Amino acid sequence: MVYEYAGNMHMHTPYSDGVKWHADIAEDAIKAGLDYIIVTDHNVWVSGLEGYYENEQGRVLLLCGEEVHNSRRQPQASHFLAYGAEKELSGYAADPQELINQTNAAGGIGFLAHPHERELTMFSESNLGWHDWEIEGFTGLEIWNYMSGFKNRLADELDNMRLKHPLLGKIRAARAALNPQKYVTGPEKETLALWDRLLSEGKQVAAVGNSDAHGTPMSMGPIHRIIFPYEFLFRAVNTHILTNEPLNGELDHDKRLILRAIGKGHAWVGYDMAHPTKGFRFSGQGQDRGRMGDRIQLDAGATLQVSAPVRCKLRIIRHGVIVAEIENETNLTHIPVEEGAYRAECILPYMGKERGWIYSNPIYLW
Ligand SMILES: [Zn+2]
Ligand SMILES: [Zn+2]
2 MVYEYAGNMH MHTPYSDGVK WHADIAEDAI KAGLDYIIVT DHNVWVSGLE GYYENEQGRV
62 LLLCGEEVHN SRRQPQASHF LAYGAEKELS GYAADPQELI NQTNAAGGIG FLAHPHEREL
122 TMFSESNLGW HDWEIEGFTG LEIWNYMSGF KNRLADELDN MRLKHPLLGK IRAARAALNP
182 QKYVTGPEKE TLALWDRLLS EGKQVAAVGN SDAHGTPMSM GPIHRIIFPY EFLFRAVNTH
242 ILTNEPLNGE LDHDKRLILR AIGKGHAWVG YDMAHPTKGF RFSGQGQDRG RMGDRIQLDA
302 GATLQVSAPV RCKLRIIRHG VIVAEIENET NLTHIPVEEG AYRAECILPY MGKERGWIYS
362 NPIYLW
């Protein structure tokens, strides 16, 4: 049996710069239909609040990780998402490699948050991407961060418009924030390219996708209170996991199951706002059977299969090269002839434009 759970693993509370507390965020997650959420406040690991939160509508498992960065660095870039380390990690923030090592040594997993960002000079928003590349040993990449992606597309648009008057830019930005779905098209191309490069070097690199919800008003010129509510963001970009056993309602058991699936890459990143991604599968079959995140042996009969919940453009990609593609279908099969890391993508039209919809973790063939 395989069990599927949807969650979001990057968000903030008033412990850092978010507006809602854990219990209220949990309510929003239940409304949005999520099974788990992981709160990641900046430079503070909050203990004692983990567990199931429930109401008449359902329940959600709330876990606490941490988003660590060096607050003395300018800009305050290179944000690291740590999960399951069960200790405060911000003391290691000045040395990203030490931060990664400490996370791993504590039994945790860690992801580079929003690795590629653009500066939004008009609103004094710095590039908070990953800047310290002499590192190794991290679990994976946050390939899609909804809020960061929105800011990047806004920066693109403001550049293209070459607005003479800053006020016009602010009006434009305010309008964009009222209708963010128009702007969000998929993960950053540089991040996907980085992921493909690391995979082509033989590394195992897991991918996650998140909201980065703060619930905060964005101050943008004449319209001062533009809010990206938690619930809205929990209906957008999420990380869906597959497990061999069901969640049983016990915190320790369920936490271990979820973090293991995320760390191993038994997961995909789904843009659920474009269409629910529940039911997506990417699997490999030869002598071994494997799912996303697994290593399986490449034998003569090995096949890879992608299955999407609705018709879309399906692709299988090996090390940055599309090896199979089909339009307007729900299934795609490929017979691989080379070793390597194979990942699947689904593209779907939404709001008049093709959007990145599903990004699977790789199956590693050897
Ligand atoms: Zn961040
Ligand atoms: Zn964040």
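Under my numbering, the first residue of the sequence shown is numbered 2, with each subsequent residue one higher. Glycine included, every Cβ here is placed at the ideal spot set by N, Cα and C. This structure is a prediction, so every number in the text was calculated from the model and none was measured.
Under the three-state reduction of DSSP output, Gln288 falls in the coil class, being neither helix nor strand. Taking a contact to require three or more Cβ pairs closer than 8 angstroms, the stretch 351 to 366 and the stretch 261 to 272 qualify as touching. Residue environment analysis places Glu135 among the exposed positions, since fewer than 16 neighbouring C-beta atoms fall within 10 angstroms of its C-beta.
The closest CA to that of Tyr365, considering only Pro76, Lys265, Asp255 and Ala275, is found on Lys265. For the set Ala275, His23, Ala175 and Leu142, the Cα lying nearest the Cα of Thr14 is the one of His23.
Taking C-beta atoms under 8 angstroms as the contact rule, Ala83 and Gly109 qualify, at a distance of about 5 angstroms.
Look at Asp36 here: in three-state DSSP terms it is coil, with no helix or strand label. If you draw a 10 Å sphere on the C-beta of Arg176, you find fewer than 16 other C-beta atoms in it, and that means exposed.
With respect to Ala345, Phe283 sits close: the two C-beta atoms are nearer than 9 angstroms.
In this structure, Ala83 has its CB at a distance of at least 8 angstroms from all heavy atoms of ligand 2. Ligand 1 has a heavy atom closer than 8 angstroms to the beta-carbon of Asp213. Collapsing the DSSP output to three states places Glu330 in a strand. Comparing C-alpha distances from Asn105 to each of Tyr231, Trp131, Phe139 and Asn128 shows the shortest one belongs to Phe139.
Contact between Asp29 and His215 does not hold, since the beta-carbon distance rounds to 13 angstroms and is not under 8 angstroms. Asp96 and Val47 have their C-alpha atoms roughly 22 angstroms apart.
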